[in-house]
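Residue numbers (my numbering), protein chains in the order written: chain F, 1 to 429; chain P, 430 to 858; chain Z, 859 to 1287; chain C, 1288 to 1716.
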């Protein structure tokens, strides 16, 4: 049981909006965190397999980033500089160019949007509309792209869409890879775009995640992504890959698409982009599509100078050579192995996702919640995903030490075993 | 002339999006900042009368916030905790309740949205629509509320609206206080809402800034704001005050509306809310209108734990008693005095704004730009505002030491004198 | 009392939608009509001061049109020919060109839309958007332009707007002439369009009625219309005059705007355009703005061949010379005189409208309804108009014989006298 | 060659909008028509296999309707009565109830909308939104429902959609029966509606044609329609069948759906509903969904009294017993036989449609146009349909005498033979 520190929590009940969410499932007060471990007010440690929903791919308070940030602050480095030039921004851009863009032959420019994923998606959608003079954007079933009105139109989740309390426009919804069993959903997209009477207006962009983080860890096949990329090109639409959750190494490579033979026109990044969990978002855009005028899409916190400090360290520490990336493959295999065991405990369960963004569809949200709830009691922070929250999702820090990773998976399996056993007991009674 | 460090700047030209903006007018590379001073790579100091567009009301790197933040980071305090409970968030909420909400008799709850002003505005608009079941939101000429699709519909600026590249829906635009000379614009609003055939659908909310920061520092009269608040109430609409730029002391009190006899249903805050320039945004909402379900409006960086650290210090340091606020009045008088001199130099020029959010409408964007350009050459960072960028706007840190403040105003007046003199010379030739 | 024929009416209760409307106020079953007289199943005659809401400007079953139509049908003339060429259409177009367009120096082309006013408005709005590449259309308070989704966005009436049950987009609403007392509403329009930050997007068109038929018979001044026409021109917007109710002689000239020194880019016509009350609608459009491709705006009943027959007769009979028009002025004076008497009976009442489209604002919908109800009992069909239905509106056939016209006005005055007397009695008690 | 009467046509070039359409393909001036024959100014007869796009299912100038209409007009019957009660309307409603609704166990009410199909569709969509409080309407690929803004959002044709010149909202597009080869498109619909994260908002209605008249004569299977009806019911959505083109006997029964075991909540009717080609439209709606208030959806020409006259005759003459309907089956077989021969002439060609709404997909719009062009030269009026206009479509009057029908089909086959032979010659060279 989590150590209770109820005195501290009354303020949340009294003054924090009902919109608060994760604190309900993980009902304690956290006070510090390091690497893959979070610690609460009672001194209890938790292994973090949520990692800020993939915002902490390098763990909490990475020592090198931490040192760099403290040094920056101590030296009165810029905290907020609007979008003025700073040496800090230059440092990040140089590292990002050298270690990420150039080796991947990407000539993209970097737009620092307001520091949220949704803001990056909004900017990307606006860019596509401005470039093409078209308004329609094709998005997919179970996609998640944020909850501001432009992005929310592209988000599939009905609960979030309902929050708008008015119709959401500008997006056409089509089935994602695998949504219709064996039927070829890319073919449907192509047929509709080729058909002048389909009722699908020529799109400004096709917007997709290669792995649907919130939508249930459904991973598109490389063939499907390539096909969709080609359809976008054929129809004069931009391909936008929303790599906010799947990027920054989460699938095993820096970008989730880089082994698919596809270069998106626009890439949205946020979550782990700062390396340290600081608010930070970017849009990568081809120079010829970099059409915004000065401040046409603006925002007070575009950029975020502290994030430039840690993001530069993250790039230089983890992506200057292949060492880190190679380790991810090994870790992903361990994860797959453990999740297979979990899947074996639940009739009909199956693996979802790819790389270090995997989970198990256990068939029901209740079961998935019960497993995650038990895991939390045992000291593991882990969440569900999917339209019915039926997928137990592992988003451990990519830097989780092997022993901690193993222990976390062990807790997960124990929890699943206990829950399914009690279910079976109940069922058997 | 700013010290050039061109070697550092090529990376921006090569890799930063054309959307970059302030770096064009203030064309140097900044490396550190403290209080009201920014320093560039060449070691040159600039007095900052822009203050991150009012995001740095307490100046750069306030020593107490800085110390607290370094201490937090050093101790492995949470950097990113989604919206879990943390002792850091509790600390902020307690301070905000004690020093801000309670003394002002506000029972509002605090919703931590994605850390941008636009995100707070989007959340506020969604809340109003959800509460009322209506979609229409009344906003005003020259209002600025952000550039994501929902907020952008409420923003008046045509350049930003054009960035959407598609129609913006859900907002009715009406003239702000003073927009029609002597004509009573609140009366027009009331007439239209009372008229069942006016074509203005019953509004979910009336959304306004009490001083239009981007729109040219037009300040609404307390009578007008009270009248509009009453109209909102009469018509079952929420009153949303967007206090993102005018809040946090900028007009002389913590909230810009607090001496107007009005308590908005919803208040949006961002910019200086963290105290340190860190990305941070909040929506204050009455408990009975706190209708979002858990995570219905979500976002990875909602909250921002580092910001909680500095925001708590800011509240406790500046707002625990009246000392700071009293000083603002004095400073505002100094400002008014200086701006009167500036206005006297330009035929037809007049003062705009209120508190430490004042400026001079010099009648043309060219002239305003020339004055600000000359000021930058002389070591002062200052910007324009307004539909034609014709207002020279002073947004100095509220904590600017008197001597620095005087020196900044002196530079401004010198610049205006030189520019108007050369204009006069030209005109006389 | 109307002769009851209840046996006939059960079918309406049983099978006609609740959307039925005029039959509720004029609760009898009509069987024939001629000139300004309608006759019910009980043989009772009613003077018709509603004239199909101005669709029967030449009265019911005009003998010349009737003869021509019977001849056409007898000879197997085309009833329905899609938009193929017919000699009937040619005949109408030639008459319309000769007697209407040429004498008024209008080089407009005629587009036969689906035979409803709303369809003509929809076409006009689409034309303006296609010509300009802009989506925003400025419409005015209390304007009425139809209830299909495009047109309904331009209609002010909240009851009708509510029927959409979803937000209506693409229209900006501004105050009509006189809406703000002495304040200059054209100036507000101009200020907003000149202001790049007003939030009013550059308009595709400005859409107006010169007299607001449904909105309460408010008549715009020629100066205001000219000013708005100039503003439209200055801003690259089309001027669309919706002359559906005010056209075809209703205000004293064929077009309602022709003595204002203004030539609209687009004119919508319907109601009396067929002369006989047959469904028929047209859009007049300048050749250079005639941008629809073949059938781009289509509709099965575009045109209406029977209507071409009667519309040609109407043009040739009434508009080939000035005789008819001259008579309208005399009749309008008679009307004004009678309505002044009516206005004198009600404290605060005042005249509205112009030409043969006049009425009296009696200050309350209840009173107006009571007057019209009493009139119907006495054998006069007359309706109300305005946001609160507070205007008693006379829309008699333009061809009403003098004696009938006098008798109708007499009934109206008697009714008003009785109602106001009883009201006074009640008030005095 | 059509007899040219060029003198008559200059007026069209001079004054009719470029939006005119059918007159381009059938380039002569028609002067009279009777039954299945149209006659031009040169006295040439044409067999009409277009029948006003199915608006003349009972042929031109049916003698009984003609007589009744002349009698009505001669007797000063009401031409225009807004939506007042008339004996004429009662007569129609009684006949429609007796011969159509009652025998089919339909308790629907009849709403007389503005007399265009688009207006009926607009009303139907508004009803569904008002009943459910939802805005989304599901429509299908290649559907055609009119070109006013509400209806156009549901229309698939890109050329027509482009005429809006702004985004069209409120409709989700899904693949029609057979659109994805063997894949089950009803299953896709169901999956998406069952999936809370599909991004398809809960629909107010599902709107479909059972045979897509403009979309290429694709006929849905009864199973598919039943399945979709059940899905609508399961999801609280209304089923709207747009029977504007396929109704009134065109598919072999009065309603196109009546042998499918499905009763739509709402049915839209127009085209042949008047029997005589007069503008007329209706919405049939279940009493419990008849939610419009008086005049909430209004329109000057709602109803159309002349149309009530002919519509009553049509119902009584053709639908009082099964004689007429039985004859349609025989005629449909003849048609199928002829079209099979046509299909055999073109490699890959295949039959489309059902009943007397059949055609042949010849694989290319050019070929289809060439066949129809040749047929017109030979005295047959016939048109194409489909996304690429690749379907030669037969819409002969249902009353076409056998000999005329045979002769029309003979001309069609001759034309196809000549065109394909010359194509083959060219190909062989």
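Backbone N, C-alpha and C define an ideal beta-carbon position, used for all residues, glycine too.
With 16 as the cutoff for other CB atoms within 10 Å, does residue 173/F come out buried or exposed?
Residue 173/F comes out buried.
If you scan the segment 25-60 of chain F from start to end, which runs of the beta strand (DSSP E) of 3 or more residues do you find wholly inside it?
Listed in chain order, the complete beta strand (DSSP E) runs (minimum 3 residues) inside the segment 25-60 of chain F are 29-34, 37-40, 45-48.
Going by the beta-carbon positions, is the gap between residue 1187/Z and residue 1110/Z smaller than 7 Å?
Taking 7 Å as the cut-off, the Cβ atoms of residue 1187/Z and residue 1110/Z count as close.
According to the neighbour-count rule (16 or more other Cβ atoms, all chains shown, within 10 Å of its Cβ), is residue 1699/C buried or exposed?
The residue is buried, with at least 16 neighbouring Cβ atoms inside 10 Å.
Give the interface partners of residue 139/F over in chain C, defined as CB-CB distance under 8 Å, in chain order.
The answer, in chain order, is 1486.
Looking at chain P, is there any beta carbon in it that lies within less than 7 Å of the beta carbon of residue 17/F?
The C-beta of residue 17/F comes closer than 7 Å to at least one C-beta of chain P.
Can you list, in chain order, the residues of its chain whose CB lies under 7 Å from that of residue 1155/Z, leaving out five sequence neighbours each side?
Hits under 7 Å: 971, 981, 984.
Residue 1642/C burial status per 10 Å Cβ neighbour count (16 or more: buried):
Note on residue 1642/C: 16 or more other CB atoms within 10 angstroms of its CB, so buried under the neighbour-count rule.
Within 10 Å of its beta-carbon, does residue 967/Z have 16 or more other beta-carbons around it, so buried, or fewer, so exposed?
Counting of Cβ neighbours within 10 angstroms places residue 967/Z among the buried residues, the total reaching 16 or more.
Do you know offhand how far residue 1022/Z's Cα is from residue 1653/C's?
Computed Cα separation, rounded: 41 Å.
Leaving aside the five residues before and after residue 1419/C along the sequence, list all residues of the same chain whose C-beta is less than 6 Å from its C-beta, in chain order.
The residues are 1491.
Confirm the yes/no value for this check: CB of residue 269/F, any heavy atom of the ligand ADP, distance under 6 Å.
This structure lacks the ligand ADP; in fact it carries no ligand of any kind.
What are the partner residues of residue 1010/Z, as DSSP defines its beta bridges?
According to DSSP, residue 1010/Z bridges with nothing at all.
Going by DSSP, which residues form a beta bridge with residue 193/F?
Note: residue 193/F sits in no beta bridge, so no partner.
Is residue 290/F buried or exposed, if buried means 16 or more other CB atoms sit within 10 Å of its CB?
That one is buried.
Is the Cβ of residue 416/F closer than 7 Å to any Cβ of chain P?
Residue 416/F does not count as touching chain P.
Using the rule of at least 16 other Cβ atoms within 10 Å of the residue's Cβ for burial, across every protein chain shown, is residue 1389/C buried or exposed?
Around the beta carbon of residue 1389/C, a 10 Å sphere encloses fewer than 16 other beta carbons of the protein chains shown; the residue is thus reported as exposed.
Coil, strand or helix - residue 341/F by DSSP:
DSSP places residue 341/F in helix when its eight states are reduced to three.
Thinking residue 23/F and residue 395/F are a contact (beta carbons under 8 Å), I'd like their distance in whole angstroms, please.
In fact, because the Cβ distance is near 18 Å, the residues do not count as touching under 8 Å.
Note down, one range per segment and in chain order, each beta strand (DSSP E) of at least 3 residues found wholly within the segment 636-705 of chain P.
Those beta strand (DSSP E) runs which fall completely within the segment 636-705 of chain P and span 3+ residues are 667-671, 695-698.
Counted within 10 angstroms of its Cβ, other Cβ atoms place residue 209/F as buried (16 or more) or exposed
Buried is the call here.
Contact set between the segment 600-612 of chain P and chain Z, restricted to residues whose Cβ is under 8 Å from the partner:
Within the segment 600-612 of chain P, the residues whose Cβ lies closer than 8 Å to some Cβ of chain Z are 600, 601, 602, 604, 608, 609, 612, listed in chain order.
Are there 16 or more other CB atoms within 10 angstroms of the CB of residue 1501/C, so buried, or fewer, so exposed?
Under this definition residue 1501/C is a buried residue.
Does the beta carbon of residue 300/F come closer than 7 Å to any beta carbon on chain P?
So yes, residue 300/F belongs to the interface.
For a cutoff of 7 Å on Cβ pairs, would you count residue 1673/C as touching chain Z?
No, because no Cβ of chain Z sits closer than 7 Å to the Cβ of residue 1673/C.
Minimum Cβ-Cβ distance from residue 993/Z to chain P less than 7 Å:
Yes, its Cβ sits closer than 7 Å to a Cβ of chain P.
Would you grab the beta carbon distance between residue 1348/C and residue 937/Z for me? Rounded to a whole angstrom, and I think it's under 8 Å.
A Cβ-Cβ separation of about 6 Å places residue 1348/C in contact with residue 937/Z under the 8 Å criterion.
Those runs of the alpha helix (DSSP H) which lie wholly inside the segment 765-816 of chain P and span at least 4 residues
Fully enclosed alpha helix (DSSP H) runs of 4 or longer: 794-806.
Along chain C, which residues have their Cβ under 9 Å away from the Cβ of residue 143/F?
In chain order: 1484, 1486.
In angstroms with no decimal places, state the Cα-to-Cα distance between residue 865/Z and residue 1180/Z.
Caution applies to residue 865/Z, whose pLDDT of 49 falls short of 50 and renders its modelled position unreliable; the model cannot decide the point.
Beta-carbon within less than 7 Å of residue 190/F's beta-carbon, same chain only, minus the 5 sequence neighbours each way: which residues are those?
If we look at residue 190/F and ignore the five residues flanking it on each side, its Cβ neighbours are 231.
Exposure of residue 3/F, with buried meaning 16 or more beta-carbon neighbours within 10 Å:
With a pLDDT of 43 at residue 3/F, under the threshold of 50, the modelled position of that residue is not reliable, and the figure given next carries that caveat. Per the 10 Å Cβ criterion, exposed.
What are the partner residues of residue 1679/C, as DSSP defines its beta bridges?
Checking the DSSP bridge columns, you'll see residue 1679/C partnered with 1647/C, 1671/C.
According to DSSP, is residue 1369/C helix, strand or coil?
When DSSP states are grouped into helix, strand and coil, residue 1369/C belongs to the coil group.
Which of the three DSSP states, helix, strand or coil, is assigned to residue 1381/C?
Residue 1381/C: helix per DSSP, three-state reduction.
In chain Z, what lies closer than 9 Å to residue 596/P by C-beta?
Those within 9 Å of residue 596/P in chain Z are 993, 994, 1027, 1028, 1059.
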